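Right, one structure below, let's go through it.
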Amino acid sequence: MTNLAIDLQRNYSEGTKLSTAKPFNMKAMKFFLTFPQIPQDKLVDFKEIKSRILEKQDIKNGIIAREKHKDGNIHFHIYLEYNKTKTINRSDYFDFIFDHHGKYETCKKKAETIKYITKSMDYFLIGDLNSFSSNHLLKNFAKNCIKQG
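For the sequence shown, my numbering begins at 29 and goes up steadily by one.
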């Protein structure tokens, strides 16, 4: 009998439970990603982030937002809306964006998410502005354009 078979038999007879970790699974059209505490050597500009996302994804639209933490570090929020429902089975699926792990979740409330991530007015759009159908985003965008002259 192999060592593995002996270990399995021993675990079973001793009542030891094997790992029953719940597999990672997200299924949605809209996702909200947060990348906190990105190391300086992993930071890239908005256009590079957009390029990385569009290279690998079929995106309807999205927003990449940069925010300065109270401690001075930069973190990013990203809203992505796909053209069709996407199933993600790996917890590291979106790590390619910064080559760094973040917090990934489905987006439950599009308008609230957009309002939250655009609050600092430092963001970049993926896709056509009209495809967002959010009055708040349009107002913020117009206000930002007026501020910038």
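Just so it is clear, CB atoms sit at the ideal spot from N, CA and C, and this is done for glycine as well. None of the values given here were measured: they were computed from a predicted structure.
Quick one: is residue i buried, meaning 16 or more other Cβ sit within 10 Å of its Cβ, or exposed?
i      : result
Gly100 : exposed
Arg118 : exposed
Asn53  : exposed
Thr146 : buried
Return the residue from the list the options that minimises the CA-CA distance to residue i.
i      : options                          : result
Asn111 : Phe126, Ile92 and Leu82          : Leu82
Lys58  : Lys78, Ile91 and Lys84           : Ile91
Asn89  : Lys96, Val72 and Glu109          : Glu109
Asp73  : Lys98, Ile142, Lys138 and Phe104 : Phe104
Lys98  : Asp120, His128, Gln65 and Lys75  : Gln65
So what does DSSP say about residue i, is it helix, strand or coil?
i      : result
Asn111 : strand
Lys96  : strand
Gly43  : Because Gly43 sits at a pLDDT of 48, beneath the cut-off of 50, its placement in the model cannot be relied upon, and the following sentence gives the value as read from the coordinates. Of the three classes helix, strand and coil, the one that applies to Gly43 here is coil, per DSSP.
Lys88  : strand
Using 8 Å for Cβ pairs, my map puts residue i next to residue j. What's the rounded Cβ distance?
i     : j      : result
Ile77 : Ile125 : 6 Å
Would you call the CB atoms of residue i and residue j closer than 7 Å?
i      : j      : result
Thr115 : Lys50  : no
Leu61  : Phe152 : no
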